[in-house]
Amino acid sequence: MAKQFQSVQGFNDILYPEVGKFQHIESVSRQYFGLFNFKEVKTPVLEQAGLFVRSIGNGTDIVEKEMYIFEDKGGEILSLRPEGTAPAVRAYLEHNIDRQDAIQKWFYIGPMFRHERPQKGRFRQFHQAGVEVFGIDDPFADIEVILLADKIVSSLAVKGVTVRLNSIGCPACRPVYLRELKSYLNGITDRLCEDCKRRIDTNPMRVLDCKKEGCMAATAGAPKTTDYLCSVCSAHFSTLRSGLDALRQGYTIDTRLVRGLDYYSRTVFEFTAEDAGAQNAVLAGGRYDYLVELLGGAHTPAIGFAMGIERIAALIDMPAVHGPDIFFIPITEEARVRAIGLADRLRRADKTCEIGYGEKTIKSMMRRADRLNAAMVIIIGKDELRDGSITLKRLSDGLQEKVDDATLLEAVRRMSQ
RNA sequence: GUGGGUGUAGCUCAAUGGUAGAGCAUUGGACUGUGGCUCCAAGGGCUGAGGGUUCGAACCCCUUCACCCACCCCA
Numbered sequence: 005m006a007k008q009f010q011s012v013q014g015f016n017d018i019l020y021p022e023v024g025k026f027q028h029i030e031s032v033s034r035q036y037f038g039l040f041n042f043k044e045v046k047t048p049v050l051e052q053a054g055l056f057v058r059s060i061g062n063g064t065d066i067v068e069k070e071m072y073i074f075e076d077k078g079g080e081i082l083s084l085r086p087e088g089t090a091p092a093v094r095a096y097l098e099h100n101i102d103r104q105d106a107i108q109k110w111f112y113i114g115p116m117f118r119h120e121r122p123q124k125g126r127f128r129q130f131h132q133a134g135v136e137v138f139g140i141d142d143p144f145a146d147i148e149v150i151l152l153a154d155k156i157v158s159s160l161a162v163k164g165v166t167v168r169l170n171s172i173g174c175p176a177c178r179p180v181y182l183r184e185l186k187s188y189l190n191g192i193t194d195r196l197c198e199d200c201k202r203r204i205d206t207n208p209m210r211v212l213d214c215k216k217e218g219c220m221a222a223t224a225g226a227p228k229t230t231d232y233l234c235s236v237c238s239a240h241f242s243t244l245r246s247g248l249d250a251l252r253q254g255y256t257i258d259t260r261l262v263r264g265l266d267y268y269s270r271t272v273f274e275f276t277a278e279d280a281g282a283q284n285a286v287l288a289g290g291r292y293d294y295l296v297e298l299l300g301g302a303h304t305p306a307i308g309f310a311m312g313i314e315r316i317a318a319l320i321d322m323p324a325v326h327g328p329d330i331f332f333i334p335i336t337e338e339a340r341v342r343a344i345g346l347a348d349r350l351r352r353a354d355k356t357c358e359i360g361y362g363e364k365t366i367k368s369m370m371r372r373a374d375r376l377n378a379a380m381v382i383i384i385g386k387d388e389l390r391d392g393s394i395t396l397k398r399l400s401d402g403l404q405e406k407v408d409d410a411t412l413l414e415a416v417r418r419m420s421q
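My numbering runs 4 ahead of the 1-based position in the first sequence.
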């Protein structure tokens, strides 16, 4: 093949009809975001790189090797956003939102960028729909956010989803836990894989997340975050659980569940799907009570989640696609003029119209109408031009009649029944 | 960043060193102004790209690019 331009690795075109899944996911998400009274925020895809370094954490892979980072012409170090929470917090602070009303419920939908090796469920440009709740410490905010996530995922009929839940404590109790965990892990290093030995120092909680059987067996008796929660975190977690129980929201406690980003505290949750390949987290979130102040604001508790749109799309059926209401078959230039005029009238009546062009035969245009799954065709041929009529035909059963311009819309509506 | 797999028609795939094929799709015809079903026919390829071995390469070797899957990590 001749040399051609091609899309950048990990950056995909989303074409029809596949794009229908994305539209469906987005519209269902917007519907529930609206019902829960969340307001949309659109933030830029570019931010100062330091925003992510500060919020996501210096030791994380996202910051160390996955950011699209570059120096712009003015010498600023910028980055394509790898996630949506940090920009939302930045916007929250930049516009002094907390001084008007600290309680905010925001949602966003848009592309994110991470320079990783693509694989199933992972792309360098991918899309997330997410929410952020600012200013509410109450565990019922956690409950509502989890309920909202579940509403969206269930409504999209994603198969085989499990809601996993855990609490990873706060700056008061987590250090104690981490100390215990590290000492436990240091006692069983001979049973851990090479990666996990390294993780003991870099990110000890991730050892619990290792999929290797040997490591899972070795860490079966490891200290659990939930056993080390301080009284405040413990009360928060137990109110959260009893609230979910009372509302019959299903979930499973997974004490191995940790989050990769540094800013999470207390509640963490993840929706995982079978059949999603190795990257099976379709939605994940948690509390980040210390991020706002970490970025220079007043102490502001917050919780949110992000849903991977591509990952959801891989797990849902293609929504039904429907063709145009009317396909016009005009066989001469004069007929095409009439067709465009009539199409304009029908479109005003909310009918989707497509017009066949070119010196084609009626047969070829009929075939095209059928292929596009049109509901009806309008034939304007020599006969129709001569007597000023239109031939309207319904494709499902072949019912056909001749009408005039004045009664066309009425006939179309009748045939739509 | 590491490892494995795959690149042949628009799509899904055959052809294991000797003339590049099929199904589906597309276009046209059978049916001169009427779709779907059936039948017939046609168009469509530098076999991802570049180099090498050979009388001869889709096939063997080297390089490179892309895609897929997995690791790392994450939505």
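Glycine included, each C-beta is placed from N, C-alpha and C at the ideal position.
Which residue from Tyr20, Val32, Ile29, Met369 puts its Cα closest to that of Thr336? Stepping through the first sequence from its first residue, residue 336 is reached at position 332. Taking only the C-alpha atoms, the option nearest Thr336 is Met369.
Please classify Ala324 as buried or exposed, where buried requires at least 16 other C-beta atoms within 10 Å of its C-beta. Against the first sequence, residue 324 aligns to sequence position 320. Under this definition Ala324 is an exposed residue.
Assuming Tyr96 is part of the beta strand (DSSP E), what are its boundary residues? Counted from its first residue, the first sequence places residue 96 at position 92. Not the beta strand (DSSP E): Tyr96 falls in the alpha helix (DSSP H), residues 89-98.
Measuring only the C-alpha atoms, how far is Asp144 from Leu169? Counting from one through the first sequence, the residue named residue 144 turns up at place 140. Counting from one through the first sequence, the residue named residue 169 turns up at place 165. Checking the displayed sequence, the identity of residue 144 turns out to be Phe instead of Asp. Taking the straight line from one Cα to the other gives about 15 Å.
Have a look at Ala415 and Ile394 and give me their C-alpha separation to the nearest angstrom. Locating residue 415 in the first sequence gives position 411, where the first residue counts as 1. Locating residue 394 in the first sequence gives position 390, where the first residue counts as 1. Looking at the two C-alpha atoms, the distance is approximately 11 Å.
Suppose the cutoff is 8 Å on Cβ atoms and the five residues either side in sequence are ignored; what does the same chain contact list for Leu97 look like? In the first sequence, counting from the first residue as 1, residue 97 sits at position 93. Result list for Leu97: Val296, Leu299, Gly300, Gly301, in chain order.
Say whether the region 219-234 touches the region 256-273, bearing in mind that this needs 3 or more beta-carbon pairs closer than 8 Å, one atom from each stretch. yes
Distance between beta carbons of Gly125 and Gly281, contact taken as under 8 Å: The residue given as residue 281 occupies position 277 in the first sequence. The residue given as residue 125 occupies position 121 in the first sequence. The pair is a contact, with the Cβ atoms about 5 Å apart (cut-off 8 Å).
Does the separation of the CB atoms of Pro305 and Ile156 fall below 9 Å? To locate residue 305, count along the first sequence from 1; it is residue 301. To locate residue 156, count along the first sequence from 1; it is residue 152. It is not a contact, given that the beta carbons lie outside the stated cut-off.
Along the chain, which unbroken stretches of the beta strand (DSSP E) at least 3 residues long are found entirely within the region 214-278? 269-277
Does the distance from the CB of Phe15 to the CB of Arg128 come in under 9 Å? By one-based count along the first sequence, residue 15 stands at place 11. By one-based count along the first sequence, residue 128 stands at place 124. The answer is yes: Cβ separation under 9 Å.
Tell me which residues share the same chain as Phe425 and place their Cβ nearer than 7 Å to its Cβ, disregarding the 5 neighbours each side in the sequence. Residue 425 cannot be examined here, being either before or after the span of the chain that is shown, 5 to 421.
Express the C-alpha separation of Glu363 and Ile313 in angstroms, rounding to a whole number. Translated into positions along the first sequence, residue 313 becomes position 309. Translated into positions along the first sequence, residue 363 becomes position 359. Going from the Cα of Ile313 to the Cα of Glu363 covers about 43 Å.
List the endpoints of the continuous beta strand (DSSP E) containing Arg423. Nothing about residue 423 can be read from this structure; the chain reaches only from 5 to 421.
Beta-carbon proximity check, Ser11 vs Leu55, cutoff 9 Å: Stepping through the first sequence from its first residue, residue 11 is reached at position 7. Stepping through the first sequence from its first residue, residue 55 is reached at position 51. Going by C-beta atoms, Ser11 is not nearer than 9 Å to Leu55.
Check for me: the beta strand (DSSP E) holding His131 runs from which residue to which? Translated into positions along the first sequence, residue 131 becomes position 127. First-last of the beta strand (DSSP E) with His131: 129-138.
Spatially closest choice to Glu44 from Arg58, Thr206, Ser269, Gln108, by CA coordinates: For the purposes of this step, residue 44 is taken as the residue at position 40 of the first sequence. Among Arg58, Thr206, Ser269, Gln108, the Cα nearest to that of Glu44 is on Gln108.
Label Pro122 either buried or exposed according to how many other C-beta atoms from any shown protein chain fall within 10 Å of its C-beta, with 16 as the threshold for buried. As a position in the first sequence, residue 122 is number 118, starting the count at 1. So Pro122 counts as exposed.
Under the three-state DSSP convention, the category Pro115 falls into: For the purposes of this step, residue 115 is taken as residue 111 along the first sequence, with counting starting at 1. If DSSP states are grouped into helix, strand and coil, Pro115 belongs with the strands.
Arg418 versus Arg390 - alpha carbon distance: One-based indexing of the first sequence puts residue 418 at position 414. One-based indexing of the first sequence puts residue 390 at position 386. Looking at the two C-alpha atoms, the distance is approximately 25 Å.
Taking DSSP as the reference, what is the three-state secondary structure of Thr356? Here residue 356 is taken as the residue at index 352 of the first sequence, counted from 1. Residue state, collapsed to three classes: coil.
Take Val49 and list the residues in its own chain whose beta-carbon comes closer than 8 Å to its own, dropping the five residues that flank it on each side. On the first sequence, position 45 is the one that residue 49 refers to. If we look at Val49 and ignore the five residues flanking it on each side, its Cβ neighbours are Leu84, Arg85, Gly114, Pro115, Phe117.
Pull up the CB-CB distance for Val137 and Ile307, whole angstroms please, since I reckon it's below 8 Å. As a first step, residue 137 is located in the first sequence; it is residue number 133 there, counting from the start. As a first step, residue 307 is located in the first sequence; it is residue number 303 there, counting from the start. Right, the Cβ-Cβ distance comes to about 5 Å (below 8 Å), so this counts as a contact.
For Glu75, I'd like the list of residues in its chain whose CB is within less than 8 Å of its CB, leaving aside the five on either flank, ordered along the chain. Residue mapping note: residue 75 aligns to position 71 of the first sequence, counting from 1. For Glu75, where only same-chain residues beyond five positions count, the Cβ hits under 8 Å are Ile81, Leu82.
What are the boundary residues of the beta strand (DSSP E) that Phe37 is part of? For the purposes of this step, residue 37 is identified with residue 33 of the first sequence, where counting begins at 1. Here Phe37 belongs to no beta strand (DSSP E); instead the alpha helix (DSSP H) covers 23-39.
Start and end residues, beta strand (DSSP E) containing Thr395: Taking the first residue of the first sequence as 1, we reach residue 395 at position 391. First-last of the beta strand (DSSP E) with Thr395: 393-398.
Is the beta carbon of Ala133 less than 9 Å from the beta carbon of Ser33? Counting from 1 along the first sequence, the entry for residue 133 is found at position 129. Counting from 1 along the first sequence, the entry for residue 33 is found at position 29. Going by C-beta atoms, Ala133 is nearer than 9 Å to Ser33.
Assuming Leu413 and Arg349 are in contact, meaning their beta carbons sit under 8 Å apart, how far apart are those beta carbons, in whole angstroms? The count along the first sequence starts at 1 and reaches residue 413 at position 409. The count along the first sequence starts at 1 and reaches residue 349 at position 345. Leu413 to Arg349, Cβ: 7 Å. Contact.
Distance, Cα to Cα, Val165 vs Asp408? The sequence position of residue 165 within the first sequence is 161, counting from 1. The sequence position of residue 408 within the first sequence is 404, counting from 1. Distance between the alpha carbons of Val165 and Asp408: 55 Å.
Measure from the alpha carbon of Lys216 to the alpha carbon of each residue in Glu198, Pro208, Ala226, Asp205, then state which is nearest. Position 212 of the first sequence, counted from the start, is the residue given in the question as residue 216. Of the candidates Glu198, Pro208, Ala226, Asp205, the one whose C-alpha sits nearest the C-alpha of Lys216 is Glu198.
Supposed contact pair Tyr267 and Pro175 - C-beta distance, whole angstroms, cut 8 Å: Within the first sequence, numbered from 1, the residue matching residue 175 stands at position 171. Within the first sequence, numbered from 1, the residue matching residue 267 stands at position 263. Pro175 to Tyr267, Cβ: 11 Å. No contact.
What would DSSP say about Leu196, mapped onto helix, strand or coil? To locate residue 196, count along the first sequence from 1; it is residue 192. Coil at Leu196, not helix or strand.
Beta-ladder partner(s) of Ala285, from DSSP: Counting from one through the first sequence, the residue named residue 285 turns up at place 281. Ala285 pairs with Thr276.
Beta-carbon separation of Ala106 and Met311 under 9 Å? Working through the first sequence from its first residue, we reach residue 106 at position 102. Working through the first sequence from its first residue, we reach residue 311 at position 307. Contact flag unset, no.
Using alpha carbons as the reference points, say which of Thr206, Ile101, Leu189 lies closest to Ala224. Here residue 224 is taken as the residue at index 220 of the first sequence, counted from 1. It is Leu189 whose Cα lies nearest to the Cα of Ala224.
On a Cα-Cα basis, can you pick out the residue from Cys237, Asp194, Leu185 that is closest to Cys177? Here residue 177 refers to the residue found at position 173 of the first sequence. Looking at the Cα atoms, Cys237 is the closest of the given residues.
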